[in-house]
Each structure stands twice: as structure tokens, then as C-alpha cells.
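Read the structure below first, then the notes.
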Amino acid sequence: MSVDQNTIPAMAAGTTVNADNPWPGLLAFRESDQGYFQGRQSETEELLRLVLRERLTVLFGLSGLGKSSLLQAGLFPELRQENIFPVYIRLDFSSKRPDLVAQILTAITREAAAHQIEAPPPTNGETLWEFFHRDANNFWNARNRPVMPLLVFDQFEEIFTLGCLDAQRSTATNALIEQLSDLAECRPPARLKAWLDEHPEEAKAFDFGRHYYEILLGIREDFLPDLETLRPRMPTVALHRMRLRRMNGEAALLAVNHAHHLIDPDVAEQVVRFVAADTREHPLAQLEIEPALLSVVCRELNNHRRKLAEPKITAGLLQGNQELVLADFYERSTADLPPEVRLFIEDHLLTVSGYRDNAALENALNIPGVTQPSIDALVERRLVRREDRGGSQRLELTHDLLVGVVRASRDGRRQREVAEKERFAMLQVQEEEKQTLLKAREEQRLELERVQAHERQERDRRDLRRLRIAIVGFVVLTLAAVLTATWAIIAQRQAKTARDDAIYSQKIAQQEKTVSEQALQSARDNAAKFAASLQVLSSVSNKDVQTAVDSQSASTLLPRVFIQIVNQDDRAYANQIRDRLIAGGVLVLGIQYVPVAAGLTKTDVRYYRRADEPEAQKIVDLLKSAGAAPIAPKYLPGYEDSTKVRQNHFEVWLANGSGSK
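With our numbering applied, the sequence shown covers 5 to 665.
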């Protein structure tokens, strides 16, 4: 599994090292990087002597000791001086039916063209033994001198892992092992012998006494038991071996100090002791250093130097960034992996008290979210070491230097989990209080509606009473009008009768007439009044009182913020920030002191869900208005579906010394 180039930016395949960046980090040195490869001179000479003397050589060592770098940048240039043609081979098992022999022949052709070697063309279907033993097959360099091909198999342990994934790959792997065994043991293939028995005239095409080739196998030390299984077919695989060990401090100092234009000797020694975790000033020769970790630290320090535009890596730069170097390395090494992988590292590769521990690979793979590709990535990035102990593969951190960084990450995560539980409990209390308030408001609304309904009933009763009184009055007036009208009519009739009989008195008759006319007019007036009363009564109607009770929706919970400080001197400034946030309508749950991030140089507002980005920007703007600068929002991935970090949760991390700026 290849290392994610986006996760570790320094690992660009085309630019391993140069004068301004002479350490490759986790990549291997190439042959063209020979001038930058230092500290392994004695190992290079020992391996060269073994290769020159033996037909089959095995180089083995633990992961992270630089076997690939030793082969390419150390051994290959020396071999060419001895007229040996090294062919670098990394078998590819990605195809379900890999033709491994064809890959080897293709590698020979490719390397020959790259180094101006005249090589014989391969023939379809022939074995490796046939290719190297044909009488006409010779290799010549540009100076017209014969050269001996050396097949260099890097990471040969993959034939026992990737080469055995399924039946097809196992078949291809067994075929390759059979052909390599014939080469190593100078043994003509059985198929060829049978064919030559039938065609003896073809035997002259082969030189059975010449074995002008060599083989070198590079393999991890924990796969030596698997290599031993090849002894029945390849006995010489157990004879000529070289074990690559960790660098001592003196060799490591050469690996760092060769870039004297970038680092002074005293600082280089500090780097070596830092990687060796030497706190007692032991002699350099007694220290043990893993080259991969040394290269990572040097590259990280150099990257930091380049960002600061400093001419050299200084002691102050190292002193101020020892934790940050490894913290950045840890963050980038786990950034593209599932969150469960990081939890496995922090909870299973450290003891409760914070010391390095180990775990069985089998148990790790039973943890949901932890997969074999993830473990392979951790091993390849040199964050985790995989070793065979008592027949069981164990996983552990590559170095004690990583313990502090991993422990700080674990402790910070657990503090956040505790804080989140407390916030969740607080939110539950707030939710209960809100529901209680809403219930009280609902009861008030219902009580108000009841009172208003009672008032409406009272008004209706009063209006009905007034209506009844009006009706009674109307009836009385009507009766009065009717009686008056009736009396007037009777009076008219009597007057008429009186005229017919009358000679009684003109004056009395005229008076009676006048009285009658006045009575009639009075009746008409009463009728008009009655009609007016009816009109007034018709305009009287019940009026309903409408009440509007605004129902207030549950208010959106306020943004919840924790303020993190890395320096106790910044607490007063943090209190000012807290007051400003509260005044801006933000819920501040507390101020926490986190000394592990003492190198923090920029204030940021961290949020855990993409949906919270607008609110995070509002908090940034609020802090900027309070004079906090520089500041920016920072998204932390891996928590989108987390049940431990709730939505609308933010953390304000104040840069070291914010209070004094």
C-alpha cells in the first residue's frame, strides 16, 4: 500500500531530495541521491563484499531501518564500479494473474536502457535459467566491458503476503520461486532437461558451466520464518545473510550533519539525541536510532525552517518545535484514515498511565473500522511498527518519542468527551427548563382564553337584557300608539255623528274636531318614535373580543463555545474574550488550560461540522471586532456523524501570548 501523497506532502515521487531539502522523510533514497545518503558506509561496504563473493545474498532487517535506501543509494553506485549491473525489482501483485517472470525480464530491459547497457532481448516463454545461460546472451556497458546482472528484489516479503492472496497469485508466486531456485542452485529446469533429452542438438545453445548472474533478496526481519520455508527448494537461501541494524549516534550524526549549509554541528547532535530520546548525554556510539524516524524529524524541521525563511535549522527552532514536529507528523499520518484507527492507536497502544504498549494484529483487525490497509498505511508511514513475537504479529508505536504526542491527543479527546457530556447534561437541563416555561405559557394562554370567554358571556347576558328591555318598551309604545289611534278614530266618528245631529254648538264641535286632529298627530309622532326605536335596536349586535396570543417557538439554542488557552498568562485576555462573546449572544461554557499545544501561534475557531461554518465565521468576526488577530475558522474532520460532539459546538484556541499582544 502506497503512502498518500496528500497526507505527507514532502513525499513527492519525482523530487526525493535536493540541496535545500536533503532528507527524504519516509521515502527511500534513490541511486541518484547518493551524495545525500550518509551514515551507512560500513554497512554498504559489508554488503558489497558479500554480493561480490556470493551468488545469492539476503539482506534483512526490521521495518524502518532503510534497507531500500541502502540498496539504491549505497550499494548500487559501488556495484557499477565493479562492473556489476544491478536490476531493481519490486514485484507487482495487483493483477489477479501476474506474470512475475515477465516483470523481471521487463525490469532488466528497462534498467539496461536507462544505464546504457547492451542486453540480450528475452525470448517468449523461456525461463530465467534459459535467459541467463544462453551462450550468446551477454551484457556489455557503454565502455564495451562485460557486466554481470544482479537481480535485486526489494521488499521480497510481499511474495508471502500479496503473492498468496488467492489461488491465481499463489500459482504465479510458486512458479517464480521455482525459477529463482533453479538460478540460485545452478540447476537446469526439469522441463528444459526433458526437452534437451529429446533434442540433444539444442544443448550447444546453452553454457551449463557459466553462471554469470547474482541474486539479492531484501526482506523484513519478521518474515525470515517464511523465507526458511524455501530451503527445501533453495538451500543457499540460508547461507549468506546480512542483518541491517539501527544506526548508532555517530552514524546518525553523519546523516544529519552532511547538510552543513542547513544545520550547525551542535544543533545536528541535538537532533540526534532528540530522536534517540537520550536525556542522559550518553556517548553517541551507544545510542540507537531508526533512520526513518531521524529522516522524518529532519525533514519536518527543515520544512519549518523553509516556512520561516530561516537560513539554517537553529537550536531555538528545534527547542521550540520538538513537540510540534511529532504532533504534525502524527496528525498527517492519521488524517486520511478512519477515526477508529486513531482511537485504536490512542486506546490500545498506550497504557492507562501513558506508557508505550503493544497489541496483537489479530485483535486490532477485530475492531470495527480498523482494516488491514489502514494498518499497512500506519506501518509504511513509520507511525506503527509490526513485529513477529512468539508466532503472533504485534503492533506498537515506532518510538517512545511518539508517546507524548499520542497521549496528549488521547487526553485532549477524553477531556472533550467529558466536556461534551457535561454540555449535553446542561443542554438537557436547558431543554427541561424551556419545556417548563412553554408549559407555563400555555397554561397562561388557556387561563386568558377562559377569562375572555367568561367576559364574552357576561357581555352577551347584558346585551340580551338590554334587548329585552328595549322590546318591552317597544311593545308598550306600540300599544299606546294603537290605543291612541283607536281613540282618535272613535272621536272622528263621534264628531261626524255629532255634525249630523248638530245644531248643538259650532264652537263645541270645532273644539272636538281640533282635539281629534291633535290626537291623530300625537299617534303619528309615537309611531315615528317607535320606528326609530326599531332602527336603533337593529343596530345593536354582539361584539366578539379577539385575543391574539403569540406562540413563541422554541428558541434556537445559542452557539456553545469553549475557550482553550495554552498559557496561563492569557487567562485575563480569555475572560475579556468570554465577555465579548456573551455580549454578542454566544453561550460560553468555560475556559480550559491545555499546555500541550504551547507552540500554537495563531488563534482559530474550530468547528466539527460543515453546517456550522457560517456560525464559526460569525464568532471569528465577533472576536475580530474585539481586537483578536490573526484569527480564522478551522474545520476538524471526522466528527460529521459523531454522537459525542454535538452540532453548534465550537472551540476558540488562543495563540500563545495572545494576552500580551
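Idealized CB from N, CA, C, for every residue including glycine.
{"Asked": "Given 8 Å, three or more beta-carbon pairs between the region 74-91 and the region 223-242", "Found": "no"}
{"Asked": "Cβ-Cβ distance between Val276 and Val301 below 7 Å", "Found": "no"}
{"Asked": "Per DSSP, the bridge partner or partners of Val156", "Found": "Tyr92, Leu220"}
{"Asked": "Residue burial classification, Glu461 (beta-carbon count within 10 angstroms, cutoff 16)", "Found": "Checking the displayed sequence, the identity of residue 461 turns out to be Gln instead of Glu. Classification of Gln461: exposed, given that the 10 Å Cβ count is below 16."}
{"Asked": "Runs of beta strand (DSSP E) wholly within the region 321-393 (minimum 3 residues, chain order)", "Found": "362-364, 388-393"}
{"Asked": "Which of helix, strand or coil DSSP assigns to Asp608", "Found": "strand"}
{"Asked": "Tyr508, DSSP secondary structure in three states", "Found": "Any reading at Tyr508 must be qualified, since the residue scores a pLDDT of 43, below 50, and its modelled position is unreliable; the value itself is stated next. In the structure shown, Tyr508 sits in coil (DSSP, three-state: anything other than H, G, I, E or B)."}
{"Asked": "One or two residues paired with Pro150 in a DSSP bridge", "Found": "Trp144"}
{"Asked": "Opposing strand residues paired with Met430 [DSSP bridges]", "Found": "Its beta-bridge partners do not exist; DSSP assigns none."}
{"Asked": "Leu51 versus Met246: straight-line alpha-carbon distance, rounded", "Found": "7 Å"}
{"Asked": "Own chain residues within Cβ distance below 6 Å of Glu619, not counting five before or after", "Found": "Pro563"}
{"Asked": "Cβ contact (3+ pairs, closer than 8 Å) linking the region 37-48 and the region 346-358", "Found": "no"}
{"Asked": "Rounded straight-line distance, which links the Cα of Leu627 to that of Ser559", "Found": "Residue confidence for Ser559 is low, a pLDDT of 36 falling below 50, so the modelled location carries little weight and cannot support an answer."}
{"Asked": "Cβ pair Arg418, Leu593 closer than 7 Å", "Found": "no"}
{"Asked": "Whole-angstrom C-beta distance between Leu132 and Ile108, which should lie under 8 Å", "Found": "7 Å"}
{"Asked": "First and last residue of the uninterrupted alpha helix (DSSP H) at Pro239", "Found": "No alpha helix (DSSP H) contains Pro239, which DSSP labels as neither H nor E."}
{"Asked": "8 Å contact criterion, which Glu294 and Arg224 should meet: CB distance rounded", "Found": "Not quite, the Cβ-Cβ distance comes to about 14 Å (not below 8 Å), so this is no contact."}
{"Asked": "Rounded C-alpha distance that separates Glu366 from Arg389", "Found": "15 Å"}
{"Asked": "Of the listed residues Arg411, Glu254, Gly477, Glu391, nearest to Leu66 (C-alpha basis)", "Found": "Glu391"}
{"Asked": "Beta carbon of Ile317 nearer than 7 Å to that of Arg309", "Found": "yes"}
{"Asked": "Length of the line joining the Cα atoms of His286 and Glu254", "Found": "12 Å"}
{"Asked": "Residues near Gly68 in its chain [Cβ-Cβ closer than 8 Å; skip 5 each side]", "Found": "Glu294, Pro295, Ala296, Leu297, Arg386, Arg389, Thr402"}
{"Asked": "Where His119 sits in the DSSP three-state scheme", "Found": "coil"}
{"Asked": "Rounded separation between Ala513 and Val486 - CA only", "Found": "Any reading at Ala513 is ruled out, since the residue's pLDDT is 45, under 50, leaving its predicted position unreliable."}
{"Asked": "C-beta atoms of Arg34 and Thr48 nearer than 7 Å", "Found": "no"}
{"Asked": "Simplified DSSP assignment, three categories, for Leu66", "Found": "coil"}
{"Asked": "First and last residue of the uninterrupted alpha helix (DSSP H) at Val260", "Found": "253-261"}
{"Asked": "Under the three-state DSSP convention, the category Asn307 falls into", "Found": "helix"}
{"Asked": "Counterpart residues of His653 in DSSP-defined beta bridges", "Found": "Arg564"}
{"Asked": "Where Val422 falls, given that 16 or more other Cβ within 10 Å makes a residue buried", "Found": "exposed"}
{"Asked": "Closest residue to Pro124 among Met152, Lys100, Ser99, Phe97 (Cα-Cα distance)", "Found": "Met152"}
{"Asked": "Extent of the continuous beta strand (DSSP E) to which Ala176 belongs", "Found": "Per DSSP, Ala176 belongs to no beta strand (DSSP E); it is in the alpha helix (DSSP H), 171-188."}
{"Asked": "Inter-stretch contact at 8 Å, needing at least 3 Cβ pairs: the region 435-447 / the region 596-615", "Found": "no"}
{"Asked": "Proximity of Ala207 and Leu196 at Cβ, strictly below 7 Å", "Found": "no"}
{"Asked": "Pair within 7 Å by beta-carbon distance, Val649 and Tyr612", "Found": "yes"}
{"Asked": "Counterpart residues of Leu248 in DSSP-defined beta bridges", "Found": "Gly65"}
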